[in-house]
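Structure record follows, encoded as structure tokens.
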Amino acid sequence: VVTTTGVFYYVTQKDRHPGSQLPFDPTKKNIVVLGSGWGSTSFLKNVDTSDYNIIVISPRNFFLFTPLLPSVAVGTLSPRSILQPIRYMTRHKERQVTVIEAEAKSVDPIAKTVTFADETEVQGEVSSTTIHFDYLVYGVGAETQTFGIPGVKEHACFMKEIQDAEKMKRRFMDCVESAGFPGQSPEEVKRLLHMVVVGGGPTGIEVSGELHDFLEDDLKSWYPELSDHIKITLVEALPSVLPMFSKELIKYTESTFKESKIDILTATMVKEIKDKSVVLQMPDKTIQEVPVGMVVWAGGNKARDVSVDLMSKLPDAQKNKRGITVDEHLRMAGTDGTIFALGDCTSSSYAPTAQVASQQGAYLARLFSQIAKRDRLADELAQAKAEGRDTPALQKQVEKAENLRPFHYSHQGSLAYIGSEKAIADLVFFNQKIATGGVATYLFWRSAYISTLFSLRNRVLVANDWLKVKLFGRDLAR
Ligand code: NAD
């Protein structure tokens, strides 16, 4: 009997649990995947598990849709809406994917092992171990670059992990509520409500834009006595913000920020962050100490310790300190070809973006299917030879399968939200470059992001949050 509930149950629950998937097969090769960011997730989404056992090791058991992180930081989106558990994502795979929540500590490229540790609050009897891999998909990403500037780690909010966005929201609201505390001096109100964003890359621009929206759309009506004192300053060391966008879009962003009363200080470098102030080196090299309530650090990324350690084991081939050097098949240089690296942990000619990492993940999934086919044909050929059979056709097929296709990046364009319901986009359309900004681009930004969200579940959650904000405004609770 088919009932609506039955159909709903079938659609939502089918293949949702490992019990209905093929188990781990000791006769198959093991692919160990490190990380659950853009690269690794795209690989997991696309990989065919029939030929391999897949083991994912990541310190978080979910994928985070990073482009919408600044929206979480101002309460437009709920944090849960942009997370997707890895187990949920791999529920439709033919074979069960093993997920281990742990941080990779070291990789031995010769012995082909990974050592990892469980660093969560709750640990069992075993919290560190080493496993062997046949293939390694290395996608650990990068960490926030602070250039050793004093006070950044202690006093600034970052914008990399979900906790960072939650922390920024709490910190921002704390500043606003403290400014409203009876008897606060006008100087203290001014300090508490001065928000400084460091870094004029896309992250810093999006955070500033979202902060401005929160101020305009919600704080003005809920805190009328304070809203005039809220000030947002964006500090960038280079002469211009958004160097990856075209000149006209940089100009458009600057003029939108001017209208939005967001101050942009270019050619200005943050030298130190203190408890209640930020020390700036101005364009004329003078030093100024500016009082602040909150600093958001979006100063770029650098290689993680585990990657630096891995590179140091292959000093002749891994000379680029920015990240892992790979060949055109994403094989780590200096290894026997069983370690593949992708995304922000690599150093390549492409910008370290989500777009590059996800294309690399999808490519690697295809490459592994090719490798499985190649190995199958090679086995058949060896068998035929052992039986004394002459098989020129099979020989040809093996030769063809050995020719693995290299990675090719197809740039779809760059997109960023700049606040005031405006977005900018440098797009490639039928091989033509288009630079566009404004409200239509904003609607495009929304639809592009919602369609890139990896699951229907997250699309529904994000769309629902957007609707909720339209109806009831942003959530002010800390
Ligand atoms: P970024 O490296 O692009 O920008 C960091 C900026 O901080 C730099 O311009 C740098 O000059 C500045 N900076 C560093 N130290 C400073 C200091 N002490 N004082 C003042 N300024 C300082 O970093 P990001 O914005 O986090 O982006 C990282 C990567 O992710 C980039 O490749 C970017 O393209 C990508 N990304 C893309 C999008 C998008 O397309 N919408 C959004 C976010 C990130």
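Note that our numbering gives residue 364 to position 375 of the sequence shown, counting from 1, and the numbers run on in steps of one.
All residues carry an ideal CB built from backbone N, CA and C; glycine is no exception.
Report task. Have a look at Ile262 and Ile138 and give me their C-alpha separation to the nearest angstrom. Result -> A straight-line Cα-Cα distance of about 8 angstroms links Ile262 and Ile138.
Report task. Using alpha carbons as the reference points, say which of Leu182, Val387, Ser197, Gly350 lies closest to Gly188. Result -> Out of Leu182, Val387, Ser197, Gly350, Ser197 has the C-alpha closest to the C-alpha of Gly188.
Query raised in the report: Does the Cβ-Cβ distance between Val230 and Thr255 come in under 9 angstroms?
Result: Yes, the Cβ-Cβ distance between Val230 and Thr255 is below 9 angstroms.
Report task. Given a cut-off of 9 angstroms, decide if Arg463 and Asp206 are closer than it, judged by their beta-carbon atoms. Result -> Their beta carbons are under 9 angstroms apart, which means Asp206 touches Arg463 by this criterion.
**Report entry** Inter-residue spacing [alpha-carbon to alpha-carbon] between Ile313 and Leu331
**Finding:** The C-alpha of Leu331 is placed about 9 angstroms away from the C-alpha of Ile313.
Report task. Closer than 6 angstroms by C-beta to Val178: which residues in its own chain qualify, once you throw out the five before and the five after it? Chain order, please. Result -> Short of 6 angstroms from the beta carbon of Val178, and not among the five residues preceding or following it, lie these beta carbons of its own chain, in chain order: Ala168, His218.
Query raised in the report: What three-state label does DSSP hand Asp207 in the structure shown?
Result: Note: Asp207 maps to helix in three-state DSSP.
Query raised in the report: Looking at C-alpha atoms only, which residue of Leu66, Trp211, Glu114, Lys411 is the closest neighbour of Ser244?
Result: Of all alpha-carbon atoms in Leu66, Trp211, Glu114, Lys411, the one lying nearest the alpha-carbon of Ser244 is that of Lys411.
Query raised in the report: Count the other CB atoms within 10 Å of the CB of Ile20; is the residue buried (16 or more) or exposed (fewer)?
Result: Of the other Cβ atoms in all chains shown, 16 or more fall within 10 Å of the Cβ of Ile20; this residue is therefore buried.
Query - Closer than 8 angstroms: Phe52 CB and nearest the ligand NAD heavy atom - result: Checking every heavy atom of the ligand NAD against the Cβ of Phe52, none is found closer than 8 angstroms.
Query raised in the report: What do you get for Thr119, buried or exposed, if any count of 16 or more other CB atoms within 10 angstroms of its CB means buried?
Result: For Thr119, the number of other beta carbons within 10 angstroms of its own is below 16, and it is reported as exposed.
Requested in this report: Might you give, ordered along the chain, the residues of its own chain that have their beta carbon closer than 8 angstroms to the beta carbon of Leu269, omitting 5 neighbours on each side?
Outcome: The beta carbon of Leu269 lies closer than 8 angstroms to those of Val224, Leu254, Thr257, Met258, Val259, Lys260, Ile276, Gln277, Glu278, Val279 in the same chain, with the five residues before and after it left out.
Report task. With a threshold of 8 angstroms, establish whether the CB of Ile138 neighbours any heavy atom of the ligand NAD. Result -> Yes - the ligand NAD has a heavy atom lying nearer than 8 angstroms to the Cβ of Ile138.
**Report entry** the region 42 to 51 / the region 360 to 372 touching (three or more Cβ pairs under 8 angstroms)
**Finding:** Short answer: they don't touch.
Report task. Indicate whether His201 and Val281 have their beta-carbon atoms separated by less than 9 angstroms. Result -> Contact flag unset, no.
Report task. Taking Thr87 as the reference, give the member of Pro56, His144, Lys101, His6 with the closest Cα. Result -> Out of Pro56, His144, Lys101, His6, His6 has the C-alpha closest to the C-alpha of Thr87.
Requested in this report: Tell me where the beta strand (DSSP E) around Thr55 begins and ends.
Outcome: In this chain, Thr55 is not harboured by any beta strand (DSSP E), its DSSP state being neither H nor E.
Query - Alpha carbon of Leu227 to alpha carbon of Leu383, nearest angstrom - result: Leu383 has its alpha-carbon roughly 58 angstroms from the corresponding atom of Leu227.
Report task. Measure the Cβ-Cβ separation of Val129 and Leu23 and say whether it is below 9 angstroms. Result -> Inclusion of Val129 and Leu23 in the CB contact set at 9 angstroms is warranted, their separation being smaller than that value.
**Report entry** Inter-residue Cα distance where the pair is Ile151 and Thr16
**Finding:** If I take the Cα positions, the gap works out to 38 angstroms.
Query raised in the report: Which residues mark the beginning and the end of the beta strand (DSSP E) in which Met148 is found?
Result: Met148 -> no beta strand (DSSP E), and no H or E assigned at all.
Query raised in the report: Is the beta carbon of Lys291 sitting closer than 9 angstroms to the one on Ala131?
Result: Yes, these two residues count as a Cβ contact at 9 angstroms.
Query raised in the report: Do the region 327 to 345 and the region 26 to 46 meet, that is, are 3 or more Cβ pairs less than 8 angstroms apart?
Result: Judged by pairs of C-beta atoms under 8 angstroms, the region 327 to 345 touches the region 26 to 46, as three or more such pairs exist.
Query raised in the report: Run through DSSP, which three-state label would Tyr41 get?
Result: Tyr41 falls in the strand class under three-state DSSP.
Query raised in the report: Hey, how far is the Cα of Val(-10) from the Cα of Thr327?
Result: Summary for Val(-10): the model assigns pLDDT 49, below 50, so the residue's position carries little reliability, and this model does not support an answer.
Report task. Starting from the Cα of Ala93, find the closest Cα among Leu416, Glu108, Gln85, Val417 and give me that residue. Result -> Taking each of Leu416, Glu108, Gln85, Val417 in turn and checking the Cα distance to Ala93, the smallest one comes out for Glu108.
Query raised in the report: Quick one: what does DSSP say Lys94 is sitting in, helix, strand or coil?
Result: DSSP places Lys94 in strand when its eight states are reduced to three.
Report task. For the region 202 to 262, list the beta strand (DSSP E) runs that are entirely contained and at least 3 residues long, ordered along the chain. Result -> Entirely contained in the region 202 to 262, the beta strand (DSSP E) runs reaching 3 residues are, in chain order, 220 to 224, 251 to 254, 258 to 262.
Query raised in the report: Between the C-alpha atoms of Tyr124 and Lys101, what's the straight-line distance to the nearest angstrom?
Result: About 8 angstroms.
Requested in this report: Could you tell me which residues DSSP puts in a beta bridge with Trp27?
Outcome: DSSP output for Trp27 lists no bridge partner at all.
Query raised in the report: From which residue to which residue does the alpha helix (DSSP H) around Leu383 run?
Result: Unbroken alpha helix (DSSP H) run through Leu383: 381 to 391.
Query raised in the report: Buried or exposed: where does Met78 fall if 16 or more other Cβ atoms within 10 Å of its Cβ makes it buried?
Result: Around the beta-carbon of Met78, 16 or more other beta-carbon atoms lie within 10 Å, marking it buried.
Requested in this report: Would you kindly work out how many angstroms separate the C-alpha atoms of Pro171 and Leu442, rounded to a whole number?
Outcome: Whole-angstrom Cα-Cα distance: 44 angstroms.
Requested in this report: Assess, as a yes-or-no matter, whether the region 38 to 48 is touched by the region 394 to 411 under the definition of 3 or more beta carbon pairs within less than 8 angstroms.
Outcome: The region 394 to 411 vs the region 38 to 48: no contact.
Query raised in the report: Using DSSP with H/G/I as helix, E/B as strand and the rest coil, what is Leu465?
Result: Looking at Leu465 - three-state DSSP - the assignment turns out to be coil, as it is neither helix nor strand.
Query - Tyr438 vs His397 beta-carbon contact at 9 angstroms - result: Contact: no.
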